[in-house]
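0 is the number of the first residue of the sequence shown in numbering that gives the first Met the number 0; add one for each residue after it.
Ideal placement from N, C-alpha and C gives every residue a C-beta, glycine not left out.
Treat the numbers as computed from the prediction; the structure is a model and nothing was measured.
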Amino acid sequence: MEQLVTYLARALVDQPDQVGLRVSEVDGARLFELKVAPEDVGKVIGRDGRTVNALRTLLGAAAHKQGQKARLEILDDRRAAQAPPASSGPDVP
0 MEQLVTYLAR ALVDQPDQVG LRVSEVDGAR LFELKVAPED VGKVIGRDGR
50 TVNALRTLLG AAAHKQGQKA RLEILDDRRA AQAPPASSGP DVP
């Protein structure tokens with residue numbers, strides 16, 4: 000299943016060498032965390048999430064065939080970069 004996700008992700012993006020996949024076990028299911036270059040996140044998610052939903056469907060079908068459960072998450076470093084800095088509290092004069 001790892002090869003399926005990696006192959007499909009690399010086919011979608013402009014920078015296939017930056018595709019990374021981490022797999023772990025969470026709540027009895029395999030969690031696939033896909034990381035791509037920041038400028039490729041939109042390509043993997045697709046318009047209205049259609050592309051990522053299609054990837055999740057394919058992964059779910061492959062997992063079901065093997066008698067397993069699987070989840071796919073897209074890691075988005077853009078959100079962390081755009082988050083405002085944490086404040087230490089209100090400014091007091």
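According to the DSSP secondary-structure assignment, V12 is paired through a beta bridge with no residue.
At a Cβ-Cβ threshold of 8 Å, A8 and A69 do not count as neighbours. Secondary structure at A36: coil, using DSSP grouped into helix, strand and coil.
Note on V22: under 16 other CB atoms within 10 angstroms of its CB, so exposed under the neighbour-count rule.
As DSSP reads the structure, G19 sits in a beta bridge with K34.
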